[in-house]
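In our numbering, the protein residues as written are 6 to 367.
Here the structure is laid out as structure tokens; the discussion comes afterwards.
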Amino acid sequence: MRKMFLAMTTAMLVASVPANAGDATWMADFDKAVEVAKKENKNLLVDFTGSDWCGWCIKLHDEVFDHKAFLDAAQKEYVLVALDFPRSDELKAKVPNPERNNELKNKYGVRGFPTILLLTPEGELIGQTGYQRGGPEKYVAHLGELKAEHVTTAKFLAEWKTADEAAKLVLWEKALTIVGESKSAATKKNLKDIVCHAMSVDADNAKGMKLRATQTLFAAGLVDDALVAETEKLDPKNEHGLLERVAMMQIRKVSGKDPILAALEKVDAVSKMGIKDKKIAFSLNAFAATKCGARGIDDAKRASAYAVKAIAIGSDNERFVNHLKTLVIEESAEDDAEEMEEEVEEEEIEEEDEEIEKKETP
Numbered sequence: 006m007r008k009m010f011l012a013m014t015t016a017m018l019v020a021s022v023p024a025n026a027g028d029a030t031w032m033a034d035f036d037k038a039v040e041v042a043k044k045e046n047k048n049l050l051v052d053f054t055g056s057d058w059c060g061w062c063i064k065l066h067d068e069v070f071d072h073k074a075f076l077d078a079a080q081k082e083y084v085l086v087a088l089d090f091p092r093s094d095e096l097k098a099k100v101p102n103p104e105r106n107n108e109l110k111n112k113y114g115v116r117g118f119p120t121i122l123l124l125t126p127e128g129e130l131i132g133q134t135g136y137q138r139g140g141p142e143k144y145v146a147h148l149g150e151l152k153a154e155h156v157t158t159a160k161f162l163a164e165w166k167t168a169d170e171a172a173k174l175v176l177w178e179k180a181l182t183i184v185g186e187s188k189s190a191a192t193k194k195n196l197k198d199i200v201c202h203a204m205s206v207d208a209d210n211a212k213g214m215k216l217r218a219t220q221t222l223f224a225a226g227l228v229d230d231a232l233v234a235e236t237e238k239l240d241p242k243n244e245h246g247l248l249e250r251v252a253m254m255q256i257r258k259v260s261g262k263d264p265i266l267a268a269l270e271k272v273d274a275v276s277k278m279g280i281k282d283k284k285i286a287f288s289l290n291a292f293a294a295t296k297c298g299a300r301g302i303d304d305a306k307r308a309s310a311y312a313v314k315a316i317a318i319g320s321d322n323e324r325f326v327n328h329l330k331t332l333v334i335e336e337s338a339e340d341d342a343e344e345m346e347e348e349v350e351e352e353e354i355e356e357e358d359e360e361i362e363k364k365e366t367p
């Protein structure tokens, strides 16, 4: 029954492929679109989409992109580009340069579909968004807000370039606030280098700038491998709750037996140190449980142990909690109890040995 439902759903998605998949209004070749944008003095609106499988992509086209009200307004300012990542062989064959699409996806850090980027012809990020409710008119207004925020950010960056070191410290403080409060992914990305200024001027964190910058970058989702390496040096005992964020990132994205086992070691290590954030504590154990499941390392006993911990911590995500309950096995609970009893017995023996040593010491 489930297979039949999935087959019917797939057929419906393929039948409702967005108009942009074969519409001349939307260009499929990014580099040719750049040439047009330069010639017409326009920016680019780039839609990273999965036209035959992504439900939210199809919904965005049905509600916004396929409407005249959107197209008439958007085409005045932007060259429209659809970079498709389809699953059917028929549509894959129509993608002019899938390698280039993947290159752009990685360059701009696109992690999910739909992702909509506003870019200058030179590739500078103006704005980033995705599905938005409200129809074509509201979406056009939303794009205008992103563009206005970019103008403000551009002025800030220009001021930074001409500032002396004293002025840069003031601007750095402002940048931390902007990145922390902005809802624009583009603004956060464009100000990342300013936030990272602390890494050079306070390399040993003597002023606390490096720590504050790192905390801001993690909160904004602006994390790369270099920052992870610095974080492990900056907060090796998880005193500031950074190491638990690193462990969270690793356990979520990891796949393959050896990488999963390495990530689980990080989870176990940070758990022993003490996790600061309750939500992260739940998520760490919950994701660890799923990685130990049949689609991961297939260790039901270990999956159950992590699931028990996550359930004990608790979460408002009832669906996830219910899923975790399916991973719990009674044997694991009994083993946990036995291990706890053994630990208590060992502690009692150690205490008795200490008392004996005290009595025997002259």
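We put the beta carbon where it would ideally sit given N, CA and C, even for glycine.
Among the options, whose alpha-carbon lies nearest the alpha-carbon of residue i?
i	options	result
residue 124	74, 47, 69	47
residue 33	105, 44, 234, 75	105
residue 160	196, 277, 76	196
residue 267	314, 236, 302, 128	302
residue 295	333, 263, 102	333
residue 227	81, 239, 191	191
residue 305	284, 120, 321, 331	331
residue 111	224, 282, 229	229
residue 248	262, 72, 276, 225	276
residue 44	239, 126, 179	126
residue 313	327, 202, 321	327
residue 193	158, 322, 63, 233	158
residue 264	279, 297, 72	297
Report the CB separation of residue i from residue j in whole angstroms; it is logged as a contact under 8 Å.
i	j	result
residue 115	residue 53	5 Å
residue 293	residue 329	That belief does not hold up - the Cβ atoms of residue 293 and residue 329 are roughly 11 Å apart, past 8 Å.
residue 79	residue 50	6 Å
residue 235	residue 219	7 Å
residue 318	residue 283	6 Å
residue 217	residue 203	7 Å
Taking Cβ to Cβ, would you say residue i is nearer than 8 Å to residue j?
i	j	result
residue 163	residue 176	no
residue 69	residue 38	no
residue 181	residue 206	no
residue 96	residue 57	yes
residue 271	residue 286	no
residue 35	residue 86	yes
residue 136	residue 65	yes
residue 239	residue 212	no
residue 299	residue 325	no
residue 397	residue 91	Summary: the structure shown does not reach residue 397, with the chain confined to residues 6 through 367, and so no result is reported for it.
With respect to 7 Å, is the separation between the Cβ of residue i and the closest non-hydrogen atom of the ligand ATP below this value?
i	result
residue 139	Annotation note on the ligand ATP: not contained in the displayed structure, which lists no ligands.
Please confirm if residue i has its CB atom under 8 Å from at least one CB of chain C.
i	result
residue 109	No chain C appears in the structure shown, which is made up of a single protein chain.
Between the region 255 to 271 and the region 238 to 245, can you find at least three pairs of beta-carbon atoms closer than 8 Å? no
Could you check whether the region 151 to 166 touches the region 124 to 142, counting it as contact only if at least three pairs of C-beta atoms, one from each stretch, sit closer than 8 Å? yes
Would you mind listing the alpha helix (DSSP H) stretches within the region 47 to 110 that are 4+ residues and don't spill past its ends, in chain order? 60 to 65, 73 to 82, 94 to 97
Taking only runs that begin and end inside the region 193 to 233, name each unbroken alpha helix (DSSP H) of 4 or more residues, in chain order. The DSSP assignment places 197 to 200, 203 to 206, 214 to 225 as complete runs of the alpha helix (DSSP H) inside the region 193 to 233, in order along the chain (cut-off: 4 residues).
Along the chain, which unbroken stretches of the alpha helix (DSSP H) at least 4 residues long are found entirely within the region 289 to 326? 305 to 318
Would you list, in sequence order, the uninterrupted alpha helix (DSSP H) runs of no fewer than 4 residues that lie entirely inside the region 126 to 200? 140 to 167, 170 to 186, 190 to 195, 197 to 200
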